[in-house]
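> Take the sequence shown: its letter number 191 is residue 578 in our numbering, and every next letter is one higher. Where a beta carbon is used, it is the ideal one built from N, C-alpha and C, also for glycine.
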Amino acid sequence: KQKGKGLLSIFSSKRKPEKEDSKAFALYLSAANQGNLSGCYRVAECLRRGIGVTSDVSLGIDWLEHAAENGYAPAQLELAHVYRNGRDAPVNGTIAVEWYKLVAQSSGDAQAAKHAGDMLWFGHEDLKQDRKEAKTWYETAVQLGDNDVRLSVGKRLALEEDFEGAAQWFAKDGEDHVSQAYRERSLSHRQKHGMGKSQLAEMQEIIRIGLENELLSVSLISNTDAAWFGDDGHT
Numbered sequence: 388k389q390k391g392k393g394l395l396s397i398f399s400s401k402r403k404p405e406k407e408d409s410k411a412f413a414l415y416l417s418a419a420n421q422g423n424l425s426g427c428y429r430v431a432e433c434l435r436r437g438i439g440v441t442s443d444v445s446l447g448i449d450w451l452e453h454a455a456e457n458g459y460a461p462a463q464l465e466l467a468h469v470y471r472n473g474r475d476a477p478v479n480g481t482i483a484v485e486w487y488k489l490v491a492q493s494s495g496d497a498q499a500a501k502h503a504g505d506m507l508w509f510g511h512e513d514l515k516q517d518r519k520e521a522k523t524w525y526e527t528a529v530q531l532g533d534n535d536v537r538l539s540v541g542k543r544l545a546l547e548e549d550f551e552g553a554a555q556w557f558a559k560d561g562e563d564h565v566s567q568a569y570r571e572r573s574l575s576h577r578q579k580h581g582m583g584k585s586q587l588a589e590m591q592e593i594i595r596i597g598l599e600n601e602l603l604s605v606s607l608i609s610n611t612d613a614a615w616f617g618d619d620g621h622t
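#1: Look up Leu514 in the DSSP assignment and say whether it is helix, strand or coil.
#2: Buried or exposed: Thr481, going by 16 or more other Cβ atoms within 10 Å of its Cβ?
#3: Helix, strand or coil: which one does DSSP assign to Gln389?
#4: Kindly provide the ranges of any beta strand (DSSP E) runs that are 3 or more residues long and lie completely inside the segment 491-552, ordered along the chain.
#5: Is it buried or exposed, Glu601, if we count other Cβ atoms within 10 angstroms and call 16 or more buried?
#6: Since I believe Ala460 is in contact with Val469 (beta carbons under 8 Å), could you give me their beta-carbon distance rounded to a whole number of angstroms?
#7: I'd like the list of long-range same chain contacts for Glu562, defined as Cβ closer than 6 Å, with 5 residues on each side in sequence excluded.
#8: Please go through the same chain and pick out, in chain order, the residues whose beta-carbon is closer than 7 Å to the beta-carbon of Gly541, but skip the five residues on each side of it.
#9: Can you find the residues in the same chain that come closer than 6 Å, C-beta to C-beta, to Leu507, ignoring five residues on each side of it along the sequence?
#10: Where does Arg474 sit, in a helix, a strand or coil, going by DSSP?
#11: Cα-Cα, which of Ala413, Ile448, Ala499 and Asn479 is closest to Gly532?
#12: Please state whether the Cβ-Cβ distance between Glu432 and Gly447 is less than 9 Å.
#13: Using only the alpha-carbon positions, how far apart do Phe550 and Arg543 sit?
#14: So what's Tyr459 in DSSP terms, helix, strand or just coil?
#15: Nearest to Ala413 by alpha carbon, out of Gly495, Val440, Val529 and Ala503?
#16: Taking the alpha helix (DSSP H) that Gly426 falls in, what are its first and last residues?
#17: Would DSSP call Gly439 helix, strand or coil?
#18: Does the beta-carbon distance from Val478 to His511 come in below 9 Å?
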């Protein structure tokens, strides 16, 4: 993409950016016009934020897409955020999740894998919910080193009373604090307010697995009561 000619006219605006910022932008633009993808990314950010140049969000997104399409991972991740959050472009869940997947696969980015999982788990605007695929990306995130993912997924399943599914995620190796305290407090809450014997047994099994893996910490329960159950002790 040849963008240099269009960008140069921006400096004719009445707005006068800070001198040093303008110099930096000119350097980024020069590098970008020579094919430097980091330069393209920085030109995009300058244009979107109005740093060293009059803000032009649309042109900034063009530069961002150029860097992303040519394999620059930071641009790919930022573009995913853009389309997920509707920041500087219309929300498009389908495009966003594909960028997250690409970053996870090509860069080994655990957070990108988690983002892909979250979008597929809940659905996002035009993107339909697909929990089966979401779990695949959550597993990828865990494999890439984000152990917190298993806690959040396990907690969601426990809240839905899918205790067997929750146990499978909670039983994975790694650190655990808040979610384990949540499970202990959840058992106490359900005993107090009523739970079928089979469900109670399933919850106890979850706790047993946590204890065997040295994951539970009773002392943390009081610190999470308000966060998970509210002041009155109800979910």
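The short version:
#1: By one-based count along the sequence shown, residue 514 stands at place 127. Of the three classes helix, strand and coil, the one that applies to Leu514 here is strand, per DSSP.
#2: The sequence position of residue 481 within the sequence shown is 94, counting from 1. With a threshold of 16 other beta carbon atoms within 10 Å, Thr481 falls short and is exposed.
#3: Along the sequence shown, one-based indexing puts residue 389 at 2. Note on Gln389: pLDDT 40, under 50, position unreliable in the model; the coordinate value appears next. Here Gln389 sits in coil by DSSP.
#4: Here no run is fully enclosed.
#5: Against the sequence shown, residue 601 aligns to sequence position 214. Because the pLDDT of Glu601 is 48, which lies under 50, any placement of that residue in the model is unreliable, and the number read from its coordinates should be weighed accordingly. So Glu601 counts as exposed.
#6: Counted from its first residue, the sequence shown places residue 469 at position 82. Counted from its first residue, the sequence shown places residue 460 at position 73. 15 Å between Cβ atoms; not a contact.
#7: Taking the first residue of the sequence shown as position 1, residue 562 is located at position 175. Confidence at Glu562 is low in this model, with a pLDDT of 42, below 50, so the placement of that residue should be treated as unreliable; the coordinate-derived value is given next. In the same chain as Glu562, and ignoring 5 residues on each side of it, no C-beta atom comes closer than 6 Å to its own.
#8: As a position in the sequence shown, residue 541 is number 154, starting the count at 1. Ala553, Trp556, Phe557 and Ser566.
#9: For the purposes of this step, residue 507 is taken as residue 120 along the sequence shown, with counting starting at 1. Contacts found: Asp517, Glu520 and Ala521.
#10: Here residue 474 corresponds to residue number 87 of the sequence shown, with the count starting at 1. Looking at Arg474 - three-state DSSP - the assignment turns out to be coil, as it is neither helix nor strand.
#11: Along the sequence shown, read from residue 1 onward, the residue named residue 532 stands at position 145. Scanning Ala413, Ile448, Ala499 and Asn479 for the CA closest to the CA of Gly532 turns up Ala499.
#12: Translated into the one-based positions of the sequence shown, residue 432 becomes position 45. Translated into the one-based positions of the sequence shown, residue 447 becomes position 60. The Cβ atoms of Glu432 and Gly447 lie closer than 9 Å to each other.
#13: For the purposes of this step, residue 550 is taken as residue 163 along the sequence shown, with counting starting at 1. For the purposes of this step, residue 543 is taken as residue 156 along the sequence shown, with counting starting at 1. When rounded, the distance between both Cα atoms is 10 Å.
#14: Position 72 of the sequence shown, counting from 1, holds the residue named residue 459. DSSP, read as helix, strand or coil, puts Tyr459 in coil.
#15: Your numbering for residue 413 matches position 26 in the sequence shown. Shortest Cα-Cα distance from Ala413 to any of Gly495, Val440, Val529 and Ala503 involves Val440.
#16: The count along the sequence shown starts at 1 and reaches residue 426 at position 39. Gly426 -> alpha helix (DSSP H) spans Leu424 to Arg436.
#17: Looking up residue 439 in the sequence shown gives position 52. Note: Gly439 maps to coil in three-state DSSP.
#18: Mapped onto the sequence shown, residue 478 falls at position 91. Mapped onto the sequence shown, residue 511 falls at position 124. For the 9 Å CB-CB criterion, Val478 and His511 form a contact.
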